[in-house]
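Q: Here you go, one structure.
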Ligand SMILES: Cc1ncc(C[n+]2csc(CCOP(=O)(O)OP(=O)(O)O)c2C)c(N)n1
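Set out below in structure tokens:
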């Protein structure tokens with residue numbers, strides 16, 4: 008590596024002669040493969056934007072001229088060029104760089120929300136602020152063709168196009184989300200990109216910009232005139248032009264010089280411009296380029312020579328769901344599945360293999376996914392919408408108004424609920440229980456293991472007059488935990504000798520609750536561990552059973568505020584009972600990225616911390632002397 012170690016800021020980059028930029032790009036690819044193969048991460052998207060990011064930093068003066076990356080999963084190259092190479096040894100781990108934009112890491116990062124299709128709204132707002140302040144600086148959004156399928160992007164474009172402000176929208180078009188991008192927008196981009204005349208078009212475009220020695224509005228207009236001609240050749244109508252946006256492209260996104268020239272034209276134009284860059288996800292690394300499923304969108308650690316995964320084989324919650332839904336699909340032909348551009352990650356691919364006509368990829372469009380599901384249910388089918396928990400936040404209103412208010416049978420399956428850890432604060436699925444438990448009529452289940460996931464999924468799709476929700480975590484499922492007793496409304500997992508403490512656990516917290524019960528027994532406190540299975544609405548039978556314990560403690564990996572615990576405590580108080588209650592859950596903070604276990608522990612959700620909490624609450628409420636008194640009352 009000759010060039011990369013000497014680049015710790017965009018100004019270093021701008022000093023490198025243009026002729027050596029392909030060399031730098033190759034070094035960046037080597038760096039990415041070496042680092043990400045050890046930690047896992049979004050290697051495919053980043054390999055695809057190496058030249059594009061180099062060009063962005065040579066043309067725009069970041070951070071004065073903001074570069075806002077949509078989602079932020081393709082931001083590694085930007086981090087490498089803005090002084091953060093050292094942080095890649097611990098990419099996505101505590102002490103290393105985060106996997107998305109991070110405003111505390113660098114002044115060069117503007118957004119860390121990592122929910123797709125938001126970049127255009129950020130730059131719309133930034134450009135309005137600069138206009139009011141009389142500052143003519145340009146702002147830039149970099150958005151993928153996948154993120155461009157999200158409604159927010161089009162709401163923003165509607166504003167940007169009419170504003171006349173210096174906004175540059177770079178469309179990084181690789182034809183993919185995880186899977187190939189679907190829908191009308193994707194088809195229109197593909198029409199520009201995939202026509203047999205694309206190469207010819209590209210050549211014409213290149214020679215047009217090469218022949219342009221000075222740039223400015225007049226020359227841009229001349230170029231745009233050429234472009235309109237090109238567009239007419241390859242696409243019957245231009246969707247961006249129809250919106251009123253100037254359009255430059257398609258540009259070969261792996262040709263730094265071509266991208267640089269297009270960006271300079273766009274920058275100097277001074278009004279909203281779309282720059283359409285065609286790139287290849289995984290570019291320059293054969294295992295990624297040949298990876299059919301998702302071009303190495305975001306693998307775990309892998310062998311850099313071969314691309315083979317280094318993860319030990321295990322069964323994930325997603326695998327269990329995938330199998331069971333496919334089995335249910337075989338039994339019932341009214342079951343349909345919906346994904347928001349995440350067919351494989353959410354486990355719907357297996358269902359799709361068997362029932363392609365009953366599977367809908369709606370693009371990165373969670374809001375539309377839910378209301379479309381309501382329509383499918385109104386039409387007599389039972390939709391199963393599979394999302395990551397964090398992305399449901401986008402569609403809360405649709406869940407309340409379009410589904411729950413209408414009492415239609417839609418099942419929403421939330422993967423990656425609870426703490427996810429190394430994807431950082433934006434990806435923890437900690438809001439679902441608090442948000443959804445406020446919705447009238449909703450029924451929410453939190454499976455504790457594979458067996459209960461299967462059972463509860465079948466129970467969920469049997470409900471046709473209300474929304475049902477299932478939530479499970481990231482990663483490998485825990486081993487099955489058999490109930491010692493199944494009752495209406497709750498399973499008992501272990502029973503204390505006396506009614507000292509009831510630990511009510513939500514989903515995967517069952518295993519932690521059982522460990523805490525064992526540790527409490529050693530401290531002379533008997534704990535009974537209970538899994539309500541369907542956590543919302545709170546079961547009356549469960550509340551009857553809980554009244555009479557010396558202390559009821561709930562444990563959930565969602566927000567403590569307004570979660571299942573607070574619903575149970577409230578229900579206990581509503582019966583007039585004085586049974587003391589305590590809720591353990593995720594505090595209202597945005598935890599920093601780190602391993603799932605690290606973050607769970609920071610949130611107080613490890614067995615040892617739960618044990619300490621319960622023991623000290625119990626002692627404070629009852630005093631040590633009461634332990635034995637309660638033990639005598641051993642009807643549990
Ligand atoms: C609202 C929302 N839903 C889902 C996701 C998950 N997600 C992350 S990246 C991605 C695909 C993005 O595709 P594109 O914008 O084309 O970028 P590429 O990875 O192809 O570079 C998806 C669906 C997300 N980040 N935000």
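Numbering (the numbering used here), first residue to last: 8 to 643.
Beta carbons: idealized from backbone N, C-alpha and C, even for Gly.
Since the structure is predicted, the reported quantities are computational estimates derived from the model, not experimental observations.
Specify the secondary structure class of residue 147 as computed by DSSP and reduced to three states.
A: For the purposes of this step, residue 147 is taken as residue 140 along the chain shown, with counting starting at 1. Reduced to three states, the DSSP call for residue 147 is strand.
Q: Would you say the beta carbon of residue 78 comes nearer than 8 Å to a heavy atom of ligand 1?
A: Taking the chain shown and counting its residues from 1, the one referred to as residue 78 is at position 71. Yes; taking the cut-off as 8 Å, the Cβ of residue 78 has a heavy atom of ligand 1 nearer than that.
Q: Are the beta-carbon atoms of residue 149 and residue 76 separated by less than 9 Å?
A: Position 142 of the chain shown, counting from 1, holds the residue named residue 149. Position 69 of the chain shown, counting from 1, holds the residue named residue 76. In contact: residue 149 and residue 76 (Cβ atoms closer than 9 Å).
Q: Check the DSSP bridge columns for residue 412 and list the partner residues they point to.
A: Here residue 412 is taken as the residue at index 405 of the chain shown, counted from 1. Note: residue 412 sits in no beta bridge, so no partner.
Q: Kindly indicate which residue of 369, 29, 487 has the alpha-carbon position closest to the one of residue 263.
A: Along the chain shown, one-based indexing puts residue 263 at 256. Nearest option by C-alpha distance: 29.
Q: Run through DSSP, which three-state label would residue 232 get?
A: Counting from 1 along the chain shown, the entry for residue 232 is found at position 225. Note that residue 232 has pLDDT 38, beneath the 50 cutoff, so the model's placement of it is unreliable and the number below is only indicative. Residue state, collapsed to three classes: helix.
Q: Decide if residue 109 is buried, meaning its Cβ has at least 16 other Cβ atoms within 10 Å, or exposed.
A: Taking the chain shown and counting its residues from 1, the one referred to as residue 109 is at position 102. Around the C-beta of residue 109, 16 or more other C-beta atoms lie within 10 Å, and the residue is accordingly described as buried.
Q: Taking the alpha-carbon positions, what's the residue 239 to residue 258 distance?
A: One-based indexing of the chain shown puts residue 239 at position 232. One-based indexing of the chain shown puts residue 258 at position 251. Residue placement at residue 239 is poorly supported in this model, since its pLDDT is 36, which falls under 50; the coordinates are not used for a value here.
Q: Does the count of Cβ pairs from the segment 353-370 and the segment 177-196 closer than 8 Å reach three?
A: Yes, since at least three Cβ pairs between the segment 353-370 and the segment 177-196 fall closer than 8 Å, the two stretches touch.
Q: Cβ of residue 416 within 9 Å of Cβ of residue 434?
A: Walking along the chain shown from the start, residue 416 turns up at place 409. Walking along the chain shown from the start, residue 434 turns up at place 427. Going by C-beta atoms, residue 416 is not nearer than 9 Å to residue 434.
Q: So what does DSSP say about residue 566, is it helix, strand or coil?
A: To locate residue 566, count along the chain shown from 1; it is residue 559. Under the three-state reduction of DSSP, residue 566 is assigned to strand.
Q: Please name the residue, chosen from 514, 508, 500, that lies closest to residue 528 on a Cα-to-Cα basis.
A: For the purposes of this step, residue 528 is identified with residue 521 of the chain shown, where counting begins at 1. The candidate whose alpha carbon is nearest that of residue 528 is 508.
Q: State the start and end residues of the unbroken alpha helix (DSSP H) segment that holds residue 177.
A: What you label residue 177 is simply residue 170 of the chain shown in a count that begins at 1. Per DSSP, residue 177 lies in no alpha helix (DSSP H); the unbroken beta strand (DSSP E) holding it starts and ends at 174-180.
Q: For residue 421 and residue 281, I'd like the C-alpha separation in whole angstroms.
A: Counted from its first residue, the chain shown places residue 421 at position 414. Counted from its first residue, the chain shown places residue 281 at position 274. Whole-angstrom Cα-Cα distance: 35 Å.
Q: Does the separation of the CB atoms of residue 127 and residue 98 fall below 9 Å?
A: Along the chain shown, one-based indexing puts residue 127 at 120. Along the chain shown, one-based indexing puts residue 98 at 91. No. Outside cutoff.
Q: Enumerated in chain order, which unbroken segments of the alpha helix (DSSP H) with a length of 4 residues or greater are wholly contained in the segment 37-105?
A: 50-54, 57-66, 83-88
Q: Confirm the yes/no value for this check: CB of residue 184, any heavy atom of ligand 1, distance under 8 Å.
A: Position 177 of the chain shown holds residue 184. The answer is yes for residue 184.
Q: Should residue 99 be listed as close to ligand 1, given that the test is whether its C-beta is under 8 Å from any heavy atom?
A: Along the chain shown, one-based indexing puts residue 99 at 92. Residue 99 Cβ: outside cutoff for every heavy atom of ligand 1.
Q: Shorter than 8 Å, the distance from the beta carbon of residue 290 to the closest heavy atom of ligand 1, or not?
A: Here residue 290 refers to the residue found at position 283 when the chain shown is read from its first residue. Flag unset: Cβ of residue 290 not near ligand 1.
Q: Would you call the segment 22-42 and the segment 244-255 in contact, with 3 or more CB pairs under 8 Å?
A: no
Q: Out of 594, 540, 40, 431, point me to the one whose CA is closest to residue 295's CA.
A: Taking the first residue of the chain shown as position 1, residue 295 is located at position 288. For residue 295, the nearest C-alpha among the options comes from 40.
Q: When burial is assigned at 16 or more other CB atoms within 10 Å of the CB, is residue 628 buried or exposed?
A: Within the chain shown, numbered from 1, the residue matching residue 628 stands at position 621. Classification of residue 628: exposed, given that the 10 Å Cβ count is below 16.
Q: Roughly how many angstroms lie between the CA atoms of residue 118 and residue 107, to the nearest whole one?
A: Residue numbering aside, residue 118 sits at position 111 when the chain shown is read from its first letter. Residue numbering aside, residue 107 sits at position 100 when the chain shown is read from its first letter. Between residue 118 and residue 107, the alpha-carbon positions lie close to 9 Å from each other.
Q: Between residue 545 and the rest of its own chain, which residues show a CB-CB distance below 7 Å, the 5 nearest in sequence each way excluded?
A: The residue you call residue 545 lines up with position 538 of the chain shown. Within the same chain, and ignoring the five residues on either side of residue 545 in sequence, the residues whose Cβ sits closer than 7 Å to its Cβ are 574, 575, 578.
Q: Are the Cβ atoms of residue 88 and residue 14 separated by less than 9 Å?
A: On the chain shown, position 81 is the one that residue 88 refers to. On the chain shown, position 7 is the one that residue 14 refers to. It is a contact, given that the beta carbons lie within the stated cut-off.
Q: Can you tell me the Cβ-Cβ gap for residue 565 and residue 430, rounded? I've got them flagged as a contact below 8 Å.
A: The residue you call residue 565 lines up with position 558 of the chain shown. The residue you call residue 430 lines up with position 423 of the chain shown. Between residue 430 and residue 565 the Cβ distance is about 17 Å, and since that is not below 8 Å, they are no contact.
Q: By the DSSP assignment, the beta strand (DSSP E) with residue 14 in it spans what residues?
A: For the purposes of this step, residue 14 is taken as the residue at position 7 of the chain shown. From DSSP, residue 14 is part of no beta strand (DSSP E); its letter is neither H nor E.
Q: Is it the case that the CB of residue 395 approaches a heavy atom of ligand 1 more closely than 8 Å?
A: Numbered from its first residue, the chain shown carries residue 395 at position 388. Because some heavy atom of ligand 1 lies under 8 Å away, the Cβ of residue 395 counts as near it: yes.
Q: When you compare each of 630, 175, 355 to residue 2 by their alpha carbons, which one comes out closest?
A: Outside the shown range of the chain (8 to 643) lies residue 2, about which nothing can therefore be said.
Q: Of the residues 384, 337, 382, which one's Cα is nearest the Cα of residue 363?
A: Counting from 1 along the chain shown, the entry for residue 363 is found at position 356. Per the Cα distances, 337.
Q: Where residue 136 and residue 145 are concerned, what is the direct C-alpha to C-alpha distance, given to the nearest angstrom?
A: Stepping through the chain shown from its first residue, residue 136 is reached at position 129. Stepping through the chain shown from its first residue, residue 145 is reached at position 138. For residue 136 and residue 145, the distance between alpha carbons rounds to 12 Å.
Q: Can you list, in chain order, the residues of its chain with a C-beta nearer than 6 Å to that of residue 225? Leave out the 5 residues immediately preceding and following it.
A: Here residue 225 corresponds to residue number 218 of the chain shown, with the count starting at 1. Unreliable positioning characterises residue 225 in this predicted model, as indicated by a pLDDT of 36, which lies under 50. The coordinate reading is nonetheless provided below. Excluding sequence neighbours, residue 225 sits near nothing in its chain.
Q: Skipping 5 residues on each side, what residues in its chain have a beta carbon closer than 6 Å to that of residue 235?
A: Numbered from its first residue, the chain shown carries residue 235 at position 228. Low confidence applies to residue 235: its pLDDT is 43, below 50, so where it sits in the model is not reliable, and the reading given next is rough at best. There are no such residues.
Q: Return the chain-ordered list of same chain residues with a C-beta closer than 7 Å to the C-beta of residue 471, the five sequence neighbours on each side being excluded.
A: Translated into the one-based positions of the chain shown, residue 471 becomes position 464. So the list reads 389, 416, once near-sequence residues are dropped.
Q: At what residue ranges does the segment 536-613 contain a whole run of the alpha helix (DSSP H), taking only runs of 4 or more?
A: 547-553, 571-581, 603-609
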